[in-house]
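Residue numbers (the working numbering): 13 to 787. In this text, a Cβ means the ideal position worked out from N, Cα and C, and glycines have one as well.
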Ligand code: BGC
């Protein structure tokens, strides 16, 4: 197949992304005079508030019970008027928001403005790839830019608080919410957490186009037993501090203005009522100054957890450090009584109200409660061509090329292409899960994107080929929120036959299969993380045509692709790419953009290997390296009778249309002492035919420790753009700071000894050198 010698350099160096990249907390503008002015203002306001009004600030209902023109007479409007609501969420539309804000600032006694929240998780109306996809770009500037655009659109439409970033580490792809996070790694997760907070909050929360971030779900929500959503979590403190806490801490240090407590328990106490977590760790150890909100009915759910009745669990929550009660009204209904019975102090309520008022002050709402409600701005800035163009670039950077046998990709711009599969012409699924504000129907399907971007020299044929699931019942479960795959009720073999017929007329098959958008996300746990059988059957039948098959994989989680990886000639994992899906996929398939995404989470060979992650411990009976590579069973070693230890695709993996060569690793000093930093370098060479980007990854192993240490840990990465034939020295600075971990006294420090310094293109393929670092 003919190849394009030159890939657009433009697409490789997203120039627009360089704008406004911020790397300091928004609150850093808070000078001493600002802070004392704020304190005086809030002291004065609090001195006028009744206990009911203070409790009202802690109340966060989900809106939805009024239509435009009815704010004041609605149930919610009445509560707002009485000063019993601090903020609202799930309300969309600038006119509606202005209307209900008007009730707050014109009808309520103290005229306190409300904040307006929403799950703006990967874009607003302009939808970006799902967060796991964004993470696959390993490009924090680009991720920050996506959050900036999300903030720009959301604030233009009245929203000033987002329930994002979701930074829950997870090692379990059965858990559907892995789609909302940055994957399995604490270092990558922390870098992305910071980028998102900076993107949303900017350098000044009071600006019109920045909004308050909310780090969630604090904490450990991604470690639910069995990958079943909302399930129990039981974890050692070592594991919390070393693996699961770092991204939350990074987001707090980046200045995130709010934190959401998670649904799960920690050490036997639900996070929402866990004082150790919300006060000792979050406020005392990490110096968090913002406010804590529960997750949806998080307080009430403590009744089912077995922590007491509504009054008891509400008292438990406020005493633990919760400030705002999402939906459940436990605070509204019981705090007054608890105060009169001495179970809660009025001071606790005052402190919580103060934190919420401070956030409103920082957003500038007391100066202008209508600052986010300019309808003209909404029309101009939401779903704008400029934002969609950015979304297209960001989407194409998130895609991960998993296989490319005989360089079947990029495709040539001629001949006939059969686009087949239930996701081949489906716009509404393109934004993926948790895309509440997205314009689903306006998204670009794969077929449309191809037809509109590739030009007339290619003839595109289309057939659906299969449903998502053969079972109508299963398909219904995964087609929520209007995201249907347009079920075809004919028998599966009849639907398949049409597809085989068009495949036979084509030069290549683009097979768009995988998950529908709602097969991942909240409450979408799966025990079988494969592609549903009816879609696999389609692949098997298509294989028999002998045509080259390129799987365009849609998924919100790592899948088991063992059979697919054998049958397909190429696999491009596009996750859920967002509004501009079809254009972005087309750019990658036809080589306008050379794929550079890398997996932020391990793809197992079998669900039975889960949890499977790269930064594992060695154990006392590790399988030999040789047998690990050969997948050879050894009795009395840590391995399986019926499966290899290795994943199908390791963490950090992703191919390019070009190839990169790595030299050996050289270090500036192999025997460093004390706090000196050293440099570790490789020469990276683009030795293929295309310009392209490589994410160079640095891993370190601490060989001997006072506690057992992982076999490798990511400690740095750089995305490097090289023209075909070009070489570059890539250098990482390593200091003892990078060697630190929490020991079994939970002391954060490093220990002298030998360290393996590994640099490579994924967590499996690395070059290694050893250094001895003494104190
Ligand atoms: C989810 C949160 C979300 C909240 C508000 C909950 O069900 O767990 O992630 O922010 O709803 O929509």
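For the segment 218-276, the full-length alpha helix (DSSP H) segments reaching 4 residues or more read 258-265 along the chain. Note on geometry: alpha-carbon atoms of residue 717 and residue 298 lie some 26 Å from one another.
Here residue 455 is actually not in contact with residue 596; their C-beta atoms are around 11 Å apart, not less than 8 Å.
Secondary structure at residue 605: coil, using DSSP grouped into helix, strand and coil. Taken through DSSP and simplified to helix, strand or coil, residue 188 comes out as helix. Pairing residue 670 with residue 736 gives a Cβ-Cβ distance under 8 Å.
Listed in chain order, the alpha helix (DSSP H) runs fully inside the segment 581-663 are 593-601, 637-642, counting runs of at least 4 residues. Per the coordinates, the alpha-carbon of residue 66 lies some 48 Å from the alpha-carbon of residue 438. Put simply, the residues with a CB less than 5 Å from any heavy atom of ligand 1 are 131, 175, 307, 308, in chain order.
In the DSSP assignment, residue 430 falls within the unbroken beta strand (DSSP E) covering 427-432. Ranked by Cα distance from residue 558, the first of 580, 779, 451, 653 is 580.
Within the segment 427-474, complete beta strand (DSSP E) segments of at least 3 residues are found at 427-432, given in chain order. DSSP, reduced to helix, strand and coil, places residue 498 outside both helices and strands of the structure shown, so it counts as coil.
By the Cβ-count criterion, residue 517 is exposed, with fewer than 16 other Cβ atoms from all chains shown falling within 10 Å of its own Cβ. By the neighbour-count criterion, in which 16 or more other beta carbons inside 10 Å mark a residue as buried, residue 318 falls on the exposed side. Looking at the DSSP output, residue 715 bridges to nothing. In this structure, the CA atom of residue 419 is about 51 Å from the CA atom of residue 310. Within the DSSP bridge table, the entry for residue 706 names 732 as partners. Where residue 691 is concerned, the enclosing beta strand (DSSP E) starts and stops at 690-698.
Secondary structure of residue 202 (DSSP, three-state): helix.
Going by beta carbons, residue 343 and residue 70 fall inside the 8 Å limit. Pairing residue 423 with residue 523, the inter-Cα distance amounts to about 14 Å. For the options 263, 99, 244, the alpha carbon positioned closest to that of residue 176 is the one of 263.
The beta carbons of residue 586 and residue 521 sit no closer together than 8 Å. The continuous alpha helix (DSSP H) containing residue 574 extends over residues 574-579. Listed as beta-bridge partners of residue 761 by DSSP are 753. If you ignore the 5 residues before and after residue 780, its C-beta comes within less than 6 Å of the C-beta of 768, 770, all in its own chain and listed in chain order. The beta-bridge partner set that DSSP reports for residue 665 is empty. Exposed is the label assigned to residue 689, since fewer than 16 other Cβ atoms lie within 10 Å of its Cβ.
The secondary-structure analysis by DSSP pairs residue 772 across a beta bridge with 709, 778. Less than 8 Å separates the beta-carbon of residue 449 from that of residue 137. Comparing alpha-carbon positions, the option among 274, 49, 221 lying closest to residue 234 turns out to be 274. Residue 179 has its alpha-carbon roughly 15 Å from the corresponding atom of residue 254. Partner residues in the beta bridge of residue 678, as assigned by DSSP, are 693. Under the three-state reduction of DSSP output, residue 767 falls in the strand class.
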